[in-house]
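Numbering (numbering that gives the first Met the number 0), first residue to last: 0 to 420.
All residues carry an ideal CB built from backbone N, CA and C; glycine is no exception.
Step one of this worksheet: look at the structure below.
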Amino acid sequence: MRVLLVGSGGREHALAWSLDASPMVDALYAAPGNPGIAQHATCVAIPAADVEALAAWSAANAIDLVVVGPEAPLALGLVDALAARGIKAFGPTQAAARLETSKAFAKAFCTRHGIPTADFAVFAEATPAHAYVDAKGAPIVIKADGLAAGKGVVVAMTDADAHAAIDSAFAGAFGAAGETLVVEEFLEGEEASLFALSDGTHALEIGTAQDHKRLLDGDHGPNTGGMGAYSPAPQLTDALKAQVMDEIVRPTLAGMAAEGTPFQGFLYCGLMLTDAGPKLIEYNVRFGDPEAQVVLPRLMTDLGQLLLGAVDGVLARMDLRWYPEACLGVVLANAGYPEQPRTGDAIEGLVAFADADDVLVFHAGTQADGERIAASGGRVLCVAGRGVDLRAAHTRAYGAVERITWPSRIYRSDIGSRALR
Ligand code: AMP
Ligand code: GLY
0 MRVLLVGSGG REHALAWSLD ASPMVDALYA APGNPGIAQH ATCVAIPAAD
50 VEALAAWSAA NAIDLVVVGP EAPLALGLVD ALAARGIKAF GPTQAAARLE
100 TSKAFAKAFC TRHGIPTADF AVFAEATPAH AYVDAKGAPI VIKADGLAAG
150 KGVVVAMTDA DAHAAIDSAF AGAFGAAGET LVVEEFLEGE EASLFALSDG
200 THALEIGTAQ DHKRLLDGDH GPNTGGMGAY SPAPQLTDAL KAQVMDEIVR
250 PTLAGMAAEG TPFQGFLYCG LMLTDAGPKL IEYNVRFGDP EAQVVLPRLM
300 TDLGQLLLGA VDGVLARMDL RWYPEACLGV VLANAGYPEQ PRTGDAIEGL
350 VAFADADDVL VFHAGTQADG ERIAASGGRV LCVAGRGVDL RAAHTRAYGA
400 VERITWPSRI YRSDIGSRAL R
């Protein structure tokens, strides 16, 4: 089949790498792609958010399946636009994507379907939000309703911080995303993520991972898109995974189907493992980045087969197999990320890993200029190591990190350290 992959980050490089290995995929295109993705796909210069151009190009180029990586085109209705032209697309419709695009929708949906999550209230004005904080007290969590690139959440440890977050949101700190706020109970426990692959009715668990959202070692500094991850997440035991599938994933799919907006695609469940059991922190309607870069290298089953199976609604007849290895990925970013990354340095040391099997270098923010690859984004690369266990994967990944350098490179040195302790 002829496949178009939409997106240009590390997640999409991992998807391209995995789809390139699929015997079902005869031709792979990526829009817009990046220099790493270009090793596996023909890149087409259409931005990921240009829904009309993507749909028209897919029709003109006899694309059999479009795989949507990031949330922005899903939020804009790319899957609906493709369906209108009779083109199969992997990923949720605009209506189903509300699980990620509106936290107020997602929380109310959890209430309607008995899905365990933090207690909450939704506010469109500051005064009642302040009163709610006064009644509940800190610690408490303030969230912008809409997509805010990972920046719309304030975990307030004091009442004063909570009140300040409410005022700044209603003053426009999160733009339109913050015109409605969710104020919710602070959950305590370990965080982990579980990914499900859904065809609208049936779901397969497609891996677990732990992300590292803060910029600096020890979970300090600002929130980012994610500075590293590892898979599997050892905290999610088989019993806990089964509980998450039963109490969160299956009720979510049943609820979405019952409401007339069946969910097809990757369902990312961000979880807090509390004393009272796993609770949903958030849904995302696509794979995680950098989680995809550490989950997909562990997947033995053909990804092309799985994604088409999800679109065709036949996942009940499929199953997944995994390599026994662990995978750990370290994000190399540019100094100044996430606010004002410094860009343009040439990256040294990539060639040494071009054919490595135990180290995979996924590109996110890179630019090719002849032979030279420049560090052009905030997050630049994700260096993933595979090993018999997490420790071996860690050694491989950090061994490679020492050899892939440029002047303004920054990274966390403690990815996986909590699990290794
Ligand atoms: P989110 O974008 O909703 O995943 O939130 C970003 C981060 O904020 C999460 O990864 C958690 O570390 C933290 N967080 C979000 N909601 C809560 C909560 N209810 N209790 C404690 N921490 C939270
Ligand atoms: N790594 C978190 C995310 O993809 O949203």
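Secondary structure of Trp321 (DSSP, three-state): strand. Gly8 sits away from Asp218, with the two beta carbons spaced by 8 Å or more. The region 82 to 167 contains, as complete beta strand (DSSP E) runs of 3+ residues, the segments 87 to 89, 119 to 122, 139 to 143, 152 to 155 (chain order). For Ala383, there is no enclosing alpha helix (DSSP H); the residue is found in the beta strand (DSSP E) stretching over 378 to 386.
Nearest C-alpha to Ala52 among Ala117, Pro72, Ala309: Pro72. The Cβ atoms of Glu290 and Ala208 lie closer than 8 Å to each other.
For the region 230 to 282, the continuous alpha helix (DSSP H) assignments of 4+ residues that do not extend past its boundaries occur at 237 to 243, 249 to 257, in sequence order. Distance from the C-beta of Ile280 to the nearest heavy atom of the ligand AMP is below 7 Å.
In the DSSP assignment, Tyr397 falls outside any beta strand (DSSP E) and within the unbroken alpha helix (DSSP H) covering 389 to 400. Around the C-beta of Asn60, fewer than 16 other C-beta atoms lie within 10 Å, and the residue is accordingly described as exposed. C-alpha of Trp321 to C-alpha of Pro296: approximately 9 Å in a straight line. The bridge partners DSSP lists for Glu189 are Leu272.
Partner residues in the beta bridge of Gly227, as assigned by DSSP, are Val329. The closest heavy atom of the ligand GLY lies less than 7 Å from the beta carbon of Gly287. Rounded to the nearest angstrom, the gap between the Cα atoms of Gly225 and Ala391 is 22 Å. Boundaries of the beta strand (DSSP E) harbouring Ala202: 202 to 210, taken from the DSSP string. When DSSP states are grouped into helix, strand and coil, Val293 belongs to the helix group.
The Cβ-Cβ distance between Thr200 and Pro138 does not fall below 8 Å. Counted as a single uninterrupted DSSP element, the beta strand (DSSP E) harbouring Glu183 occupies residues 180 to 184. Remark: fewer than three beta-carbon pairs, one from each stretch, lie closer than 8 Å, so the region 330 to 347 and the region 151 to 158 are not flagged as touching. Closest in alpha carbon position to Val2, among Cys326, Asp63, Pro31, is Asp63. In the DSSP assignment, Asp368 is bridged to Arg371. Using a Cβ distance threshold of 8 Å, Val5 and Val67 count as a contacting pair.
Closest option to Gly90, judged by alpha-carbon separation, among Asp368, Pro277, Tyr267, Pro406: Tyr267.
The residues Gly276, Pro277, in chain order, have a CB closer than 8 Å to that of Gln242 in the same chain once the five nearest residues on each side in sequence are set aside. Between the region 32 to 51 and the region 117 to 130, the count of Cβ pairs shorter than 8 Å is below three; the stretches do not touch.
Taking C-alpha positions only, Phe108 is separated from Ala195 by approximately 18 Å. Between His162 and the set Met317, Ile141, Gly145, Cys381, the nearest pair of CA atoms involves Ile141. Short note on Gly225: C-beta not closer than 7 Å to any heavy atom of the ligand AMP. Annotated three-state conformation of Arg10 is helix, per DSSP. Annotated as distal: Ala374 and Ser197, with beta-carbon spacing of 8 Å or more. Looking at the DSSP output, Leu359 shares a beta bridge with Ala383.
With 16 or more other Cβ atoms inside 10 Å of its own Cβ, Thr116 counts as buried.
For the set Leu319, Thr236, Leu349, Gln234, the Cα lying nearest the Cα of Leu331 is the one of Leu349. Here the distance from the Cβ of Ala120 to the nearest heavy atom of the ligand AMP is not below 7 Å. A heavy atom of the ligand AMP is found nearer than 7 Å to the CB of Leu186.
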